[in-house]
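Everything on this sheet refers to the single structure shown next.
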Amino acid sequence: MADPFISSPQPSTSQPSTSQSSISQSSIPQPPRRWSRISMKTFLIWCGTLFMIVIWGLTLIFYRLISNPSQLTSLGIDPTTTKSLLQVFSTVFFGLLTFLGIAVLMVNLYRLITVKNKSKIGYGFGAIGGFFLFILGIAVGARILSMVNGISIENIVDSNRLIMPYVQFKSGPVYTRSDAALKLIAPTSISYTLNTTYFNAQILPTMGQVSIPDMSLDCGNGQTLPINFTTRQFVGSCIYFHKGNYPLTLDVSYINIPTGERLKKTFTGGTMTIDSEISVTPSNGDVTFNDAKTEMSVGKVPSKVTFDASQVFSDLKLNDYTITWDFNGDGTRDKQNQSNVSYVYKEAKLYNVDIRFPLLNNYIYTFPIRVEQSDVPVCEITAQQNKEAQYTFATSFLDPNVQVTSYQFDIVDKKNKNNIIDTVKSATPQFDYQFPGKGTYAVQTTFITDDGKQGECESDDIQVGATDFQIFYDLNYKSPGSPKFQKILASGDVTANSWVISIKEIPTIIQLQINQIIPNTTTATKKVLLDGKSVLSTDGKTFEVTIQDSKDHQITIAVEDPTRGTKTEESLTVQVNRSDLVWKLLVKPDTVGIDPFTVKFDASTTQLNDPTDEIVYFTWDFWDGTIKKNLSEAIVSHTYRYDTVNDNGKYHPVLTIETKKGRKISISPDTDIIVKRATQTLVINIDSNPAQVANVNDRVSFSLQVNGLPAEIDRDFGNGKTLKCQGRDCIQTTQVYTTPGTYTIRAEVSYPSQPTVDGSINLKVN
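For the sequence shown, the working numbering assigns the number 43 to the initial residue and increments by one for each residue that follows.
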């Protein structure tokens with residue numbers, strides 16, 4: 043059957059009807075409608091363009107991070123990690139970019155060669171783009187990596203500090219703020235670098251047009267270091283022997299080029315904070331220092347030196363007493379896990395003492411000590427244990443030809459202020475001795491040679507009755523006069539010496555905190571007893587006992603391991619030595635300040651131990667000429683000024699307390715009051731012509747920026763006219779210049795009790 047919509051073709055010369063024509067046109071197959079499509083070439087071009095934009099964007103961001111690496115440290119990333127991240131990222135990023143460039147280049151070159159009967163322009167541009175990416179990855183990558191490697195840790199850490207300190211460890215220099223685990227422990231040697239970027243941007247513009255022939259750093263410890271302008275390093279290093287805060291100041295000597303004046307300015311360089319210290323105590327005298335204060339001497343050979351790092355564990359809150367000692371810097375560990383140790387130096391030379399705290403960080407702390415040459419023979423004492431407390435001691439000499447006529451051996455109790463408990467005289471270098479009981483002892487030998495020379499030497503410390511366990515603990519206390527727990531030291535209201543704790547007030551709470559027991563076995567038990575009765579503890583480490591009467595008490599620490607059959611006991615005697623007056627003099631906000639310095643003294647916690655007596659008067663002598671007599675107030679405030687006449691800013695205030703029964707007791711703060719000179723500044727502004735250029739007959743306005751209230755201002759306008767006034771009367775003034783030229787405007791400001799300050803500025807008149 044024929045399709046009803048399609049007529050059979052028949053030859054005809056007549057025109058078809060309208061309806062037939064319409065049906066015929068509609069029956070012709072129409073091509074399907076095509077939506078607009080993007081060709082692959084166009085898609086790749088757009089992708090390549092977008093890729094290049096992303097590449098350039100990442101490159102700019104990366105360059106920004108390299109130029110300002112401190113932006114990463116502001117996110118909490120430490121400086122060393124910041125540099126490592128930048129190195130890794132630059133290597134990976136530009137490495138991938140280089141390989142991508144090689145891949146694009148090879149693919150397009152291949153297509154350029156193999157494709158026929160088609161346009162090769164696109165492949166040519168693709169090959170050029172790949173080659174460009176390859177060059178970009180190699181050249182820019184090498185440049186960026188070089189910039190990253192050139193980033194110094196100190197610029198990341200101390201970008202906003204004028205002075206950048208660092209410590210020279212065996213592993214290399216480490217900037218003091220580059221690692222949070224780095225703690226500065228005295229004695230320590232600190233080197234310094236000038237931050238020239240900060241100096242040129244922040245300091246130099248304030249000085250005007252100058253040349254700087256000399257610059258030096260005051261380390262705050264009495265040492266001064268000159269600068270090497272080529273290396274921007276300060277020559278040498280500063281050695282700090284005690285913990286504390288040391289102010290750094292930069293002294294700049296310069297020449298004002300327009301005037302030719304030689305001037306000097308001092309800039310604050312921050313504060314060097316030493317976190318803790320290791321005490322160094324020679325047995326034959328005190329530590330001495332050379333003139334430059336860069337080296338400590340511990341006496342002549344043989345020199346026995348005691349090193350005490352106990353304060354480090356307390357200051358830095360280290361739980362375990364883990365420490366290694368290398369006393370002569372030969373790389374061999376001499377002792378470990380002992381905070382208080384001694385060592386005998388037998389050769390005269392400069393030694394480097396190396397110490398490491400494994401639980402603190404991986405740095406090896408080092409400091410130099412010098413042992414001087416002796417003019418008498420050098421001897422050595424050796425000890426051999428025969429029984430529990432019986433030893434044989436022998437004295438030998440480094441020079442075998444020494445002839446000795448007599449020996450004296452002194453037995454020293456190291457735990458009891460080095461008291462001599464016995465003396466043995468002998469004609470021979472050897473003797474036997476029975477120690478009286480458990481303790482720490484040493485033997486000191488004094489000898490006389492046949493030519494009349496006298497010398498001495500000391501043995502290593504001898505632990506008699508060595509315990510099965512080593513017990514490390516801290517002692518703290520609080521009392522009515524000291525309501526918060528604080529450490530018991532060798533001096534103060536509560537003291538601990540030779541197993542005896544002395545207190546002045548009752549009630550006093552003594553806190554014993556056990557830090558470590560060596561060896562730490564799982565079967566060992568520990569307990570604390572007060573007068574034979576157990577003391578309870580909530581954590582098994584902290585024990586508190588309350589002393590409420592004037593009798594002597596016994597605190598016993600007992601560690602026992604029944605499995606091993608070992609037991610150790612340590613006993614502490616608590617003695618109550620009540621003084622008439624238990625005083626406490628507080629100074630707020632600090633004992634060091636800048637003129638004018640207002641200090642508040644607080645003696646309100648002072649108490650009498652006699653209940654029938656009472657405090658009636660407080661007499662305050664502030665030591666600056668001001669005395670307030672017979673006050674009833676225990677809290678007073680006083681303003682100190684720097685004494686410019688006598689060039690003095692150190693004061694030792696004395697408080698005299700008088701009681702109803704006529705007792706008079708004078709006390710002073712633990713440290714003196716120190717008042718620093720106020721740093722006065724002077725800036726001359728040309729308000730009407732800040733560019734320092736004016737025209738003839740212009741009215742030029744000047745003003746001064748000063749701190750504090752001046753006594754007198756003396757002004758010179760450079761055109762022969764001057765002006766002098768009292769106070770701030772001529773802080774602002776005007777002047778008319780009628781002749782072209784360059785004028786130097788000067789001002790000098792004097793203060794009632796401060797140094798005079800002056801300044802100058804130039805004005806060009808056209």
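Ideal Cβ placement from N, Cα and C applies to all residues, glycine included.
Treat the numbers as computed from the prediction; the structure is a model and nothing was measured.
Residue i versus the options, residue with shortest Cα-Cα distance
i: Arg757; options: Ser745, Gln265, Gly534; result: Ser745
i: Ile599; options: Leu554, Gly607, Val618, Trp625; result: Leu554
i: Gly582; options: Gly286, Phe369, Ala566, Pro268; result: Ala566
i: Ile543; options: Leu697, Gly523, Leu517, Lys568; result: Leu517
i: Ser8; options: Ile177, Gln558, Gly250; result: What the structure shows of the chain is the stretch from 43 to 808, and residue 8 is not part of that stretch, so it cannot be assessed.
i: Ile490; options: Lys457, Tyr288, Thr470; result: Thr470
i: Lys429; options: Asp417, Tyr405, Pro478, Val395; result: Pro478
i: Thr713; options: Asp800, Lys630, Ala223, Gly166; result: Lys630
i: Lys642; options: Val624, Glu675, Pro752, Glu611; result: Glu675
i: Thr775; options: Leu765, Tyr165, Val601; result: Leu765
i: Asp573; options: His595, Thr588, Ile559; result: His595
i: Leu392; options: Thr408, Tyr684, Val678; result: Thr408
i: Gln210; options: Phe349, Val696, Ile406; result: Ile406
i: Ile551; options: Leu138, Lys568, Pro522, Ser352; result: Pro522
i: Arg412; options: Thr786, Lys388, Leu402, Tyr433; result: Lys388
Separation of residue j from residue i, as counted between CA atoms
i: Phe174; j: Ser126; result: 28 angstroms
i: Leu578; j: Asp535; result: 26 angstroms
i: Ala425; j: Asp452; result: 14 angstroms
i: Asp503; j: Tyr449; result: 20 angstroms
i: Asn237; j: Cys280; result: 18 angstroms
i: Ser132; j: Ile299; result: 46 angstroms
i: Asn739; j: Val778; result: 6 angstroms
i: Val807; j: Thr668; result: 54 angstroms
i: Gln445; j: Thr482; result: 31 angstroms
i: Ser356; j: Gln747; result: 48 angstroms
i: Ala390; j: Ser213; result: 27 angstroms
i: Ser792; j: Gly262; result: 28 angstroms
i: Thr798; j: Thr248; result: 19 angstroms
i: Glu303; j: Ser253; result: 11 angstroms
i: Arg770; j: Val742; result: 19 angstroms
i: Pro344; j: Lys459; result: 21 angstroms
i: Thr654; j: Lys703; result: 9 angstroms
i: Ile143; j: Tyr217; result: Residue identity check: residue 143 is Gly in the sequence provided, not Ile. Gly143 and Tyr217: Cα-Cα distance of roughly 40 angstroms.
i: Ala538; j: His694; result: 28 angstroms
i: Asn242; j: Leu204; result: 10 angstroms
i: Ser352; j: Ile320; result: 8 angstroms
i: Asn690; j: Ile677; result: 26 angstroms
Classification of residue i by the beta-carbon crowding that lies within 10 angstroms, buried from 16 upward
i: Met148; result: exposed
i: Ala169; result: buried
i: Ser66; result: Reliability of the predicted coordinates at Ser66 is poor, the pLDDT of 45 falling under 50, and the value obtained from them is presented with this limitation in mind. Label assigned to Ser66: exposed.
i: Ser64; result: Below a pLDDT of 50, predicted positions are generally treated as unreliable, and Ser64, at 43, falls in that range; no measurement from the model is reported.
i: Ser59; result: Caution applies to Ser59, whose pLDDT of 44 falls short of 50 and renders its modelled position unreliable; the model cannot decide the point.
i: Thr640; result: exposed
i: Arg219; result: buried
i: Lys670; result: exposed
i: Ala181; result: exposed
i: Phe585; result: buried
i: Cys89; result: exposed
i: Ile699; result: buried
i: Thr437; result: buried
i: Lys225; result: buried
i: Val340; result: buried
i: Glu547; result: buried
i: Trp541; result: exposed
i: Ser69; result: Note on Ser69: pLDDT 48, under 50, position unreliable in the model; no value is reported.
Nearest-angstrom Cβ-Cβ length linking residue i and residue j, presumed shorter than 8 angstroms
i: Cys421; j: Thr487; result: 6 angstroms
i: Asn749; j: Gln722; result: 6 angstroms
i: Lys306; j: Ser295; result: 5 angstroms
i: Lys342; j: Glu414; result: 5 angstroms
i: Val735; j: Tyr682; result: That pair is no contact at about 46 angstroms.
i: Leu292; j: Thr308; result: 7 angstroms
i: Asp362; j: Asp396; result: Contact doesn't hold; Cβ gap of about 20 angstroms is too wide.
i: Gly497; j: Pro419; result: 6 angstroms
i: Thr239; j: Gly179; result: With 8 angstroms as the limit, Thr239 and Gly179 do not qualify as a contact, their Cβ atoms being about 30 angstroms apart.
i: Ala431; j: Gln476; result: 6 angstroms
Taking contact to mean at least 3 C-beta pairs separated by less than 8 angstroms, is the segment 367-382 in contact with the segment 334-341?
Three or more beta-carbon pairs separated by less than 8 angstroms are not found between the segment 367-382 and the segment 334-341, which leaves the two stretches without contact.
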